[in-house]
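Counting in this note's numbering, the sequence shown runs from 26 upward without gaps.
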Amino acid sequence: MLESFIDLDAIFNLAVKETEELVKLGIDISDPSVVTSLEWYANKYPEIAELCNNALMELIDKQAATTPELVAAYCDVDMDSF
26 MLESFIDLDA IFNLAVKETE ELVKLGIDIS DPSVVTSLEW YANKYPEIAE LCNNALMELI
86 DKQAATTPEL VAAYCDVDMD SF
């Protein structure tokens, strides 16, 4: 019953804005150790999970296109040395 009072659209919009702020701060949102608001809310509210996941993928693609040095950093790691 409580879920009928939750504004999922507002939560989604807030999560997008917060994740965009991470991008502006230069945080690589594709890094598996980073949990974005979109991921957190997708996990908390399954009703908007697909919407959150799609938005996150779009932001990751946008970030990769505008800051390729983040992607290049992962490609330069020599995995054989681990």
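Here a beta-carbon is modelled for each residue, glycine too, at the ideal position from N, C-alpha and C.
Just so it is clear, the structure is predicted and the values come from calculations on it, not from any experiment.
- Put simply, the backbone Cα of T92 is about 19 angstroms away from that of K42.
- DSSP, read as helix, strand or coil, puts T61 in coil.
- Under a 10 Å Cβ-count criterion, A35 is classified as exposed, with fewer than 16 other Cβ atoms of the shown protein chains found around its own Cβ.
- With a beta-carbon spacing of about 7 angstroms, E64 and L81 fall inside the 8 angstroms limit used to define contacts.
- In this structure, F37 sits near L76, with a CB-CB distance shorter than 7 angstroms.
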